[in-house]
Structure formats: structure tokens, C-alpha cells
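Colleague: The structure is given below, and queries will be raised subsequently.
Number of protein chains: 2
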Amino acid sequence: MRWLAFRFFQVPNGRRQILNFLLPGDLFSTVAVFEERLHFSAQTLTEARLSGFGRAEIKARWADNPRMTAALAKSSAAEAYNADGLMIALGQRSAEERIAYLFLHLIQRISTRSVIRDQRYRLPLRQQHIADAVGLTPVHVSRVISLFRDRGLIEFSGGVLQVLNLPELSRIGSLDY
Amino acid sequence: MRWLAFRFFQVPNGRRQILNFLLPGDLFSTVAVFEERLHFSAQTLTEARLSGFGRAEIKARWADNPRMTAALAKSSAAEAYNADGLMIALGQRSAEERIAYLFLHLIQRISTRSVIRDQRYRLPLRQQHIADAVGLTPVHVSRVISLFRDRGLIEFSGGVLQVLNLPELSRIGSLDY
DNA sequence: CGATCGGTTGATATGAATCAACGTGCGTGG
DNA sequence: CCACGCACGTTGATTCATATCAACCGATCG
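Same order as they appear, the protein sequences are chains A and B.
62 is the number that the numbering used here gives to position 61 of the first sequence; each next residue is one higher, with no gaps.
89 is the number that the numbering used here gives to position 88 of the second sequence; each next residue is one higher, with no gaps.
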């Protein structure tokens, strides 16, 4: 991954929820195109390269530009789809399932963007970020990842994820829907 | 509320996550306008009145109809906003907070649609639905609602929610963002 | 070379799940 | 019209998954 960022909400009680991760080529937020005031924040995990568009400019060009319209619709649909997946994970699934789900989700998105060798993915996250994304504590994330490591499913350290047993990881994390 | 429905995903393990509730006037799903295959299901809680639109028809009229474009954009933004709220609730908040949040969210949406008397809201849900929406068991939902009742915050039975202490309910459930 | 950060590990605490029993209202069929 | 069954909710006892608290370790960095 060339760079990585995330969108999150800081909860008054001190916790935060990571709402999604942003990868190269992602629209930062489809809603942001239409809404002036945003309820969330965003932060990069690496150096990142952003392109900005004026809201007025987009709106002006949008009506007569079917390709832009289609791109926005597609981005919006993907956001909704991903949000549904995370809600399902957070609401109904165990710690192991959530973490496996997150890894699977990320490696799938990364795979559409770059060629992957030996199932190694650059994923510059700390366990804290995983915890904030899947609604667990960093301590518990550490335990689950250790468990995965002991079972030979993955290696994860130094910002690199290596998948060693994809079928089993999928069995745990996938919803296959 | 004249009628009520919800959008949900059936998890292979037998649980289900309610992704959102649909109220009169809501677009069923913005994504459904563009995508052929949907990953979720929907169900009504009461008799409901639906209007259908052909996907082709919408697409054809969409380019040259700025009002429709705006309506879709607005609906899509609201969906994303609500999804963020639920992800935050599911990921970071306690059982009491989640349930208070859900009630607040629903009464707010209902209030924009009908005139409310005496803080009484028709809300034809079973505790099972609340449980499926906020990621708890029906048993625990029952306990929390009893607690709220004992503290004089709400009454909830027979499909009617009566709010008795809105400030306190808000203090518990609101994120005030 | 000490300090800080991220991760690991162990002990204990706790919120919510699970298991189970019971109550109540309601619809249905005898 | 009664009796039974069923859906829904309540309540108590217990279990379990994850949080919390705390100590420690290794790497990195000023």
C-alpha cells in the first residue's frame, strides 16, 4: 500500500471508532461532496497524497458529466456496502471473527490496487487502530493476533501482514454473502 | 408512525443485524438504485405502502432532473450519516447507551414526519428487533428497558414508546455531534 | 543510556450472554 | 366459552468473552 488513512469519530468518552480506511484512489467521503459540515475526522497513517475538488466545481460539472455521476454513485454504493459489513461485524460477531474480517476486507481492497507477492501486504497499522476499528481493546487485539499467529494463519508486525493460511482466515472472517 | 420496516442482514450463524429502519417517505436503499444484486433483505413490521421505480427509468430521468439528483444525494448522505452513528454505537458504547441512542434516533426521525402528542410514539417493534439492531440479546434488552422504566425515563410496551424524561435519555444516548 | 512507544502476558473484574423457569395475553380450535 | 398452545417479556442463577489493571520486554530515538 502506497499510503493509508482512516476516517473516524472521536467519542466524548475518550474512545474512538474508525469508520473506514482510505486507500489510494478512494474518495475521501461521498457525503463530503454534498454536505458542508462533517461529523467525523480523518487522519493519515503514512504520508499521503490528496487531491482536492471544490464542491461548487463538482456540482457544476456533475449534471452534464455522466462519468462523474457514475463514479460518485459507485463510490457511494461501495461506502454503504462497507458500512453494512462493519455494522454486521460489530453487532453480531466475535473478536476473532471481527479481526479476521478486517484483515480480509483490507487485503481484498489492496489486491485490487497492486500486485501482491507471497501474500504479503504492507499495512501500516498499529494494533490500536485495529482495536478502534473493530471495537475491542488493544490488549485483546494482541491476544487474538497471537492466537492467529500460533495457529499459523498470519504474521503481523512492523506494518506488514503476511497471510499464511487464507482459507482458514476466510472461514473465520468471511460472511460469504 | 403509519408504518415501519427494516433492512437487515441474516448472519450465517443464525443471528441477524438490523442495518436500519425504514419510515414513511424513506428511500428503501440508495444503493439499490444502482446495484442489481443486493446483499441484504428487508421486512415490514406493519402493513406498509411501497412505491416502486424501475432502475432504467430512474437512470434515464436522472441526468436531466436536478431535483431527483438532489433527492438521491440527500438520501444517500442520510444513510451514510445514520450508518456512522450505528457503527459508533455498536463499536464503542454500552448497552444502555446503545438502546437510548436507538430510541432517540427513532423518535427524532418520527418527529420530522408527524405531530407528536405527550411524547408518545407509535413504535411497533418487539424487543427482539431492538436487540438485533443494537447487537444485544433480547434478555438484556429487557433488563435495560426495565431499568429505564424504573428510573422513570420511558415506558415501552404494546408498540408504544412514551418518553418521560427526555433530557436524561439524551444524556445517556446522545453523542451530541 | 534513559525514556518512550508498541506489544505481550498474567491476574482479576465485569458486562452481557446463556440457561432456565415462569407469567401473561391472545388466538384458535375443541 | 373454555383450554390449550404460543409469542413475548420478565427475572434469577450462572457462565463466558472481553475489559481492566499491572508488570514487563524489546526496539527505537534523542
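C-beta: ideal position from N, C-alpha, C; glycine also.
Predicted, not measured: the structure shown is a model, and the values here were computed from it.
Using the Cβ count rule (16 or more neighbours within 10 Å means buried), how would you classify threonine 54(B)?
Modeller: In the sequence on display, residue 54(B) carries phenylalanine and not threonine. With fewer than 16 Cβ atoms within 10 Å of its Cβ, phenylalanine 54(B) is classed as exposed.
Colleague: Confirm, please, whether the CB-CB distance from arginine 123(A) to valine 161(A) is below 8 Å.
Modeller: It is a contact, given that the beta carbons lie within the stated cut-off.
Colleague: Does DSSP put arginine 152(A) in a helix, a strand or coil?
Modeller: In the structure shown, arginine 152(A) sits in coil (DSSP, three-state: anything other than H, G, I, E or B).
Colleague: Comparing alpha-carbon positions, which option in Asn66(B), Asp27(B) and Gln44(B) lies nearest proline 125(B)?
Modeller: Residue Gln44(B) is the option with its Cα nearest to proline 125(B).
Colleague: For a test of the three-state rule: what should DSSP assign to asparagine 66(A), helix, strand or coil?
Modeller: Coil.
Colleague: Are the Cβ atoms of phenylalanine 29(A) and leucine 5(A) separated by less than 8 Å?
Modeller: Taking 8 Å as the Cβ cut-off, phenylalanine 29(A) and leucine 5(A) do not qualify as a contacting pair.
Colleague: Would you report the Cα separation of glutamate 36(A) and phenylalanine 104(A), rounded to the nearest angstrom?
Modeller: Cα to Cα, glutamate 36(A) sits roughly 31 Å from phenylalanine 104(A).
Colleague: Does the stretch 125 to 144 of chain A touch the stretch 86 to 97 of chain A, meaning 3 or more C-beta pairs lie closer than 8 Å?
Modeller: At 8 Å Cβ cutoff, the stretches touch.
Colleague: Of all the residues that make up the stretch 81 to 107 of chain B, which are near chain A by a beta-carbon distance shorter than 8 Å?
Modeller: Under the 8 Å Cβ criterion, the stretch 81 to 107 of chain B contributes Ala81, Tyr82, Ala84, Asp85, Leu87, Met88, Ile89, Leu91, Gly92, Gln93 and Arg94.
Colleague: If you measure beta-carbon to beta-carbon, which residues of the stretch 139 to 158 of chain A are closer than 9 Å to chain B?
Modeller: Listed by position along the chain: nothing, the set is empty.
Colleague: Among residues of its own chain, excluding the 5 on either side of arginine 144(B), which ones have a beta-carbon nearer than 8 Å to its beta-carbon?
Modeller: None.
Colleague: Do phenylalanine 7(B) and aspartate 85(A) have their C-beta atoms closer together than 8 Å?
Modeller: No; because the gap between Cβ atoms is not below 8 Å, this pair is not in contact.
Colleague: What are the partner residues of glutamine 129(B), as DSSP defines its beta bridges?
Modeller: According to DSSP, which records beta bridges pairwise, glutamine 129(B) is partnered with nothing at all.
Colleague: Could you tell me whether the Cβ atoms of methionine 2(B) and leucine 20(B) are closer together than 8 Å?
Modeller: Contact: no.
Colleague: Using Cβ-Cβ distances below 8 Å, what residues of the stretch 2 to 33 of chain B are close to chain A?
Modeller: Listed in sequence order: Phe10, Val12, Pro13, Asn14, Arg16, Arg17, Gln18, Leu20, Ser30, Thr31 and Val32.
Colleague: CB-CB under 6 Å to glutamate 169(B), same chain, minus the five flanking residues each way: which ones, in chain order?
Modeller: Correct list, in chain order: Leu154.
Colleague: Check threonine 31(B) in the structure and name its three-state DSSP category.
Modeller: Helix at threonine 31(B).
Colleague: Mind checking who arginine 123(A) pairs with in its DSSP beta bridge?
Modeller: Answer is Val161(A), bridged to arginine 123(A).
Colleague: Residues of chain A with CB under 8 Å from glycine 136(B), in chain order?
Modeller: Near glycine 136(B) (Cβ distances below 8 Å), the residues of chain A are Leu91, Gly92 and Gln93.
Colleague: Just to check my reading of the structure: valine 142(A) and isoleucine 173(A) have Cβ atoms closer than 8 Å, yes? What is that Cβ distance to the nearest angstrom?
Modeller: Contact doesn't hold; Cβ gap of about 15 Å is too wide.
Colleague: What residues in the stretch 38 to 55 of chain A have a beta carbon less than 7 Å from any beta carbon of chain B?
Modeller: For the stretch 38 to 55 of chain A, which is checked against every Cβ of chain B, the residues closer than 7 Å are His40 and Phe41.
Colleague: With a cut-off of 8 Å, does the C-beta of glutamate 58(A) fall near any C-beta of chain B?
Modeller: Output row for glutamate 58(A): interface = no.
Colleague: Pop quiz: valine 12(B) and leucine 176(A) are said to be a contact at Cβ under 8 Å. What is the actual Cβ separation, rounded to whole angstroms?
Modeller: Valine 12(B) to leucine 176(A), Cβ: 7 Å. Contact.
Colleague: Buried or exposed, going by whether 16 or more other CB atoms sit within 10 Å of the CB of threonine 47(B)?
Modeller: Threonine 47(B) should be labelled exposed.
Colleague: I'd like to know whether the C-beta of glutamate 169(A) is nearer than 8 Å to at least one C-beta of chain B.
Modeller: No, no contact with chain B.
Colleague: Provide the residue span of the alpha helix (DSSP H) that contains alanine 6(A), from first to last.
Modeller: Where alanine 6(A) is concerned, there is no enclosing alpha helix (DSSP H), although the beta strand (DSSP E) it sits in stretches over 6 to 11.
Colleague: For leucine 176(A), which residues in chain B fall below 9 Å Cβ to Cβ?
Modeller: Phe10, Val12, Pro13 and His40, listed in chain order.
Colleague: CB-CB under 8 Å to glutamine 128(A), same chain, minus the five flanking residues each way: which ones, in chain order?
Modeller: Excluding sequence neighbours, glutamine 128(A) sits near Pro139, Val142, Ser143 and Ile146.
Colleague: Using the beta-carbon of each residue, which ones in chain A are nearer than 8 Å to serine 76(B)?
Modeller: Neighbours of serine 76(B) on chain A: none; closest Cβ ~10 Å, over 8 Å.
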